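Student: Residue numbers (the working numbering): 28 to 664.
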Amino acid sequence: MKTAPNNTHSHKTPISILVFDWVVACSILILSSPIWVVKVAFLACSKHPIFETLFIHSGGKEVAIRTFSQGRFSTLPLLFSVLKGQVGLLGTSFEYAVFEPSHANQRPGILSVEQMQRRMGITHINTNPNTVPTFGLFGYVSNIFKCLISKLVVVSTQLNYPKQFNLLGVDIDNNTMDESIELLIHSSQSTSTKQFAFVNADCLNIAASDSNYRDTVNQCDQVFADGSGIRIACQLHHIGLKDNVNGTDMLPLLCEKASLIGIKLFFLGGKGNTADEAAANLTAQYPNLEIVGCHHGYLTDENEQQVIEQINQSGAHILLVGMGAPKQEAWIRQHKSALRVGVAVGVGGLFDFFANNVSRAPIAVRQVGMEWVWRLAQEPTRMWKRYVVGNPLFIARVLKQKRLSHASIEQAPTNIATNLGQVNNQHKRRWYFFGIKCGQFAKRTFDIVAASILLILLAPLFLLTALCIRVESKGAIFFSQTRSGRNNQPFTMWKFRSMYIDAEERLEKIKKNNEMQGGVIFKMKKDPRITTIGKLIRKASIDELPQLWNVLIGDMSLVGPRPALPNEVSQYQLSDRRRLGVKPGITCIWQVSGRSDIPFDKQVELDIDYIYKQSLKEDISLLLKTIPAVLLARGAY
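And the structure:
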């Protein structure tokens, strides 16, 4: 028996939010109408369906939503679900109907605070994002803006998620926050001291110019990625960063875990009583937490050994050292062999936050990766160089590293160069096939537009021709015949009937009089099966005009090799079958170069020539050449 999740509550969306959603959705639909036209036309011309239907949970029931089946702007059709009230611009993450819902009574959204926090690597922050109606229209709109800003800060690309990556010479481990905390807890029981470090953009700037610090960090057991600067740098290198593993978010989670299983902590660093105040605040929050010692970070040669002895006698499992980079990492490395703790971590100015000396940026600021702006506003005199100068310098160094890495691969040994060549070839192939797809789209669009216009303009000629055929000979006005299309797929081709209704029965009697060289195609200049009006419409190629319908429905193109009969294809040599590789057409090169006067093997050569050089420009050129060929009736019989 299914039970409803206990963390959901039924929320009625305020009318102000519904109106806002409706107005914005209508506006976007109007502004995006050109994209809709191109997108629908492109998918209609491809083998993919235009829309994909998905079933999700919304407001306690299952609803069907639609998206485009392929490519960019695939979520545009969701705006219609917004208009219906099934989906909001902002809401909970989509939960598909095949799974048990975790917040079934709430409305999902195209944008989601959960997704935003996942994108920024701060899913460990509990902001209770599922209570959309509780923060009113202003909060609703502000959260939409935050989601959009986070999309600009972290652009989705095809990312790899390696276990470790290198930025500016530092090897950084790619962990989630939970994995990092579990690693610290597990390592705290080690008999020898393991060193860990946090690195942010400022740390990497230091590492770029200080080889000793860089070597020290690279010798740590794990290096945690801290800050949105690292995330942006990873994006530039197409690396997916799992989480923003910063010490300020980690410490409360670590303390909570440590308080449950009896892990003891020692705080070393900060000014005066900063470490003591931070410890007092944390133990007030986690009563079972054991912080077994605190000491400021201003050590001298006289008291350094005493502090180390104090740490060792405290029984601490985890030592947090807040002296600032690179001093703290160098101190841990220098005294690691003398310390009897399982874990030693450099935490920078962490104690200042928990001693309330420095305020933490609001969650809204952290959600869009702008916590550095808050720090700069608080301490502009001390922080301007780190952020105003350091951040652009960091990005410039990352871009330089990216450029040099490509250059070094090009100058690398043969096997690496070969791999790069393979990658480049893959890119070239992608662009080549992308060009083919664009050409196919342009060709199909041109076919649809031109065939539609011609069918309308030639409607009087169609009526006159039909009347003439019916007056001279009883039977159907149109003649349908199975032809071989692209890849030898059969389709029904339409023509005006130009022969007597028993033409197929008469064919066996006159096959010996075939005048077409090669024997594959049957042609006679004075074919007795052709009616008087049939000779006229054949001479003027009017009999081919109904094939505009085949063009419109996609069986044929305006330009392409003429569609062959299945019995003719059965006589093809292997090389002749190359002409079946594209969609057949009403006209092509040999139709404007002599038509039936050209032998079959030469027709194949001309068709293959067209296949290799086909383009929209070539198609238009052949269509223009078809006009005089039809008027002069060269080779038409």
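Ideal placement from N, C-alpha and C gives every residue a C-beta, glycine not left out. Here the structure is a predicted model, which means the values were calculated and not measured.
How many whole angstroms separate the CB atoms of asparagine 300 and isoleucine 149, which I take to be in contact at a CB cut-off of 8 Å?
Tutor: Translated into the one-based positions of the sequence shown, residue 300 becomes position 273. Translated into the one-based positions of the sequence shown, residue 149 becomes position 122. With a Cβ gap of about 30 Å, asparagine 300 and isoleucine 149 do not count as contacting.
Student: For the beta strand (DSSP E) holding cysteine 261, just list the boundary residues, first then last.
Tutor: For the purposes of this step, residue 261 is identified with residue 234 of the sequence shown, where counting begins at 1. Unbroken run through cysteine 261 is the alpha helix (DSSP H), 255 to 263; no beta strand (DSSP E).
Student: What's the C-alpha gap between glycine 373 and lysine 173?
Tutor: For the purposes of this step, residue 373 is taken as residue 346 along the sequence shown, with counting starting at 1. For the purposes of this step, residue 173 is taken as residue 146 along the sequence shown, with counting starting at 1. Taking the straight line joining both Cα atoms gives about 32 Å.
Student: Would you tell me roughly how many angstroms separate the C-alpha atoms of glycine 324 and glycine 376, rounded to the nearest one?
Tutor: Position 297 of the sequence shown, counted from the first residue, corresponds to residue 324. Position 349 of the sequence shown, counted from the first residue, corresponds to residue 376. Glycine 324 and glycine 376: Cα-Cα distance of roughly 11 Å.
Student: May I ask you to verify whether the region 196 to 205 touches the region 251 to 270, counting CB pairs closer than 8 Å and requiring at least 3?
Tutor: Output reads yes: the region 251 to 270 touches the region 196 to 205.
Student: Below 8 Å on the Cβ atoms is my contact criterion, and I expect glycine 349 with phenylalanine 378 to pass it. Report the Cβ-Cβ distance as a whole number of Å.
Tutor: Your numbering for residue 349 matches position 322 in the sequence shown. Your numbering for residue 378 matches position 351 in the sequence shown. Sure, about 5 Å apart at Cβ, within 8 Å.
Student: At what residues does the beta strand (DSSP E) containing leucine 494 begin and finish?
Tutor: Indexing the sequence shown from 1 puts residue 494 at position 467. Element bounds for leucine 494: not the beta strand (DSSP E) but the alpha helix (DSSP H), 486 to 499.
Student: Suppose only complete runs of 4+ residues qualify. What are the alpha helix (DSSP H) ranges in the region 140 to 227, listed by chain order?
Tutor: Fully enclosed alpha helix (DSSP H) runs of 4 or longer: 140 to 146, 163 to 180 and 204 to 214.
Student: Which value, in whole angstroms, describes the spacing of the CA atoms of isoleucine 443 and phenylalanine 192?
Tutor: Residue mapping note: residue 443 aligns to position 416 of the sequence shown, counting from 1. Residue mapping note: residue 192 aligns to position 165 of the sequence shown, counting from 1. With a pLDDT of only 48 at isoleucine 443, under the threshold of 50, the placement of this residue in the model should not be trusted, and no figure is reported.
Student: Taking C-alpha atoms, which residue in Phe100, Ile208, Ile560 and Gly587 lies nearest to aspartate 474?
Tutor: As a first step, residue 474 is located in the sequence shown; it is residue number 447 there, counting from the start. Considering only alpha carbons, the answer is Gly587.
Student: Let's see if you can read the secondary structure: which residues bound the alpha helix (DSSP H) around arginine 393?
Tutor: Counting from 1 along the sequence shown, the entry for residue 393 is found at position 366. Here the alpha helix (DSSP H) through arginine 393 covers 390 to 394.
Student: Is arginine 99 buried or exposed, if buried means 16 or more other CB atoms sit within 10 Å of its CB?
Tutor: On the sequence shown, residue 99 is found 72 positions in, with the first residue counted as 1. Under this definition arginine 99 is an exposed residue.
Student: Report the three-state DSSP secondary structure of alanine 124 (helix, strand or coil).
Tutor: Mapped onto the sequence shown, residue 124 falls at position 97. Of the three classes helix, strand and coil, the one that applies to alanine 124 here is coil, per DSSP.
Student: With DSSP run on the structure shown, which of helix, strand or coil describes glycine 291?
Tutor: Within the sequence shown, numbered from 1, the residue matching residue 291 stands at position 264. Per the sequence presented here, residue 291 reads as lysine, with glycine not at that position. It is a strand residue.
Student: What do you reckon, are the CB atoms on serine 120 and glutamine 142 nearer than 7 Å?
Tutor: In the sequence shown, residue 120 corresponds to position 93, counting from 1. In the sequence shown, residue 142 corresponds to position 115, counting from 1. Yes, the Cβ-Cβ distance between serine 120 and glutamine 142 is below 7 Å.
Student: Does DSSP put lysine 322 in a helix, in a strand, or in coil?
Tutor: As a first step, residue 322 must be located in the sequence shown, where it is residue number 295. According to the sequence displayed, residue 322 carries histidine and not lysine. In this structure, histidine 322 counts as strand in the three-state DSSP scheme.
Student: Taking the beta carbon of tryptophan 411 as the centre, do at least 16 other beta carbons fall within 10 Å, making it buried, or is it exposed?
Tutor: Taking the sequence shown and counting its residues from 1, the one referred to as residue 411 is at position 384. Label assigned to tryptophan 411: exposed.
Student: What does DSSP give as the partner residues of serine 584 in its beta bridges?
Tutor: Within the sequence shown, numbered from 1, the residue matching residue 584 stands at position 557. Per DSSP, Gly612.
Student: DSSP beta-bridge partners for proline 135?
Tutor: By 1-based counting over the sequence shown, the position of residue 135 is 108. In DSSP, proline 135 forms a bridge with Thr119.
Student: Check for me: the beta strand (DSSP E) holding serine 341 runs from which residue to which?
Tutor: What you label residue 341 is simply residue 314 of the sequence shown in a count that begins at 1. Segment 331 to 341 is the alpha helix (DSSP H) holding serine 341; no beta strand (DSSP E) there.
Student: Given that a residue counts as buried once 16 or more other Cβ atoms are within 10 Å of its Cβ, and exposed if not, what is serine 219?
Tutor: In the sequence shown, the residue the question calls residue 219 occupies position 192. Looking at its Cβ environment, which holds fewer than 16 other Cβ atoms inside 10 Å, serine 219 is exposed.
Student: Which two residues bound the contiguous alpha helix (DSSP H) that contains alanine 357?
Tutor: Residue numbering aside, residue 357 sits at position 330 when the sequence shown is read from its first letter. Segment 354 to 362, the alpha helix (DSSP H) holding alanine 357.
Student: Assess, as a yes-or-no matter, whether the region 337 to 357 is touched by the region 249 to 265 under the definition of 3 or more beta carbon pairs within less than 8 Å.
Tutor: Judged by Cβ distances under 8 Å, the region 249 to 265 makes no contact with the region 337 to 357, as fewer than three pairs qualify.
Student: In the DSSP output, what is histidine 84 paired with across the bridge?
Tutor: As a first step, residue 84 is located in the sequence shown; it is residue number 57 there, counting from the start. Answer by DSSP bridge pairing, in chain order: Glu89.
Student: How big is the Cα-Cα spacing for isoleucine 422 and alanine 260?
Tutor: Working through the sequence shown from its first residue, we reach residue 422 at position 395. Working through the sequence shown from its first residue, we reach residue 260 at position 233. Going by the C-alpha atoms only, they are around 7 Å apart.
Student: In whole angstroms, what is the alpha-carbon distance linking valine 114 and proline 41?
Tutor: Your numbering for residue 114 matches position 87 in the sequence shown. Your numbering for residue 41 matches position 14 in the sequence shown. In a straight line, the C-alpha of valine 114 is about 14 Å away from that of proline 41.
Student: Evaluate glycine 297 with the Cβ neighbour count: other Cβ atoms within 10 Å of its Cβ, from every protein chain shown; 16 or more gives buried, anything less gives exposed.
Tutor: Sequence index remark: in the sequence shown, residue 297 carries index 270 (1-based). Glycine 297 should be labelled buried.
Student: Residues in its own chain within less than 6 Å of valine 370 by CB, not counting five upstream and five downstream?
Tutor: Locating residue 370 in the sequence shown gives position 343, where the first residue counts as 1. For valine 370, where only same-chain residues beyond five positions count, the Cβ hits under 6 Å are Leu211, Ser214, Ser215, Lys221 and Ile345.
Student: For lysine 553, decide whether its Cβ has a neighbour in chain C, counting only Cβ atoms nearer than 7 Å.
Tutor: Looking for chain C here will not work: only one protein chain is present.
Student: Could you tell me if glutamine 630 is buried or exposed, where buried requires 16 or more neighbouring beta carbons within 10 angstroms of its beta carbon?
Tutor: By one-based count along the sequence shown, residue 630 stands at place 603. Looking at its Cβ environment, which holds 16 or more other Cβ atoms inside 10 Å, glutamine 630 is buried.
Student: With DSSP run on the structure shown, which of helix, strand or coil describes arginine 402?
Tutor: Reading the sequence shown from its first residue, position 375 is the one you call residue 402. Helix.
Student: DSSP state of alanine 469, grouped into three classes?
Tutor: Start at 1 with the first residue of the sequence shown, and residue 469 comes out as number 442. In the structure shown, alanine 469 sits in a helix (DSSP, three-state: H, G or I).
Student: Helix, strand or coil for valine 368? Go by DSSP, reduced to three states.
Tutor: Counted from its first residue, the sequence shown places residue 368 at position 341. The answer is coil: DSSP assigns valine 368 none of H, G, I, E or B.
Student: Can you tell me whether leucine 179 is buried or exposed? The criterion is at least 16 other CB atoms within 10 Å of its CB, across all chains shown.
Tutor: For the purposes of this step, residue 179 is taken as residue 152 along the sequence shown, with counting starting at 1. Burial call: exposed.
Student: By Cβ distance, which residues of its chain are closer than 8 Å to cysteine 615, with the 5 residues on each side in sequence left out?
Tutor: Counted from its first residue, the sequence shown places residue 615 at position 588. The residues are Val586, Gly587, Pro588, Arg589, Leu633, Asp634, Tyr637 and Leu649.
Student: Check whether the region 80 to 99 touches the region 45 to 61, counting contact only when three or more Cβ pairs, one atom from each stretch, lie closer than 8 Å.
Tutor: Not touching, per the Cβ criterion.
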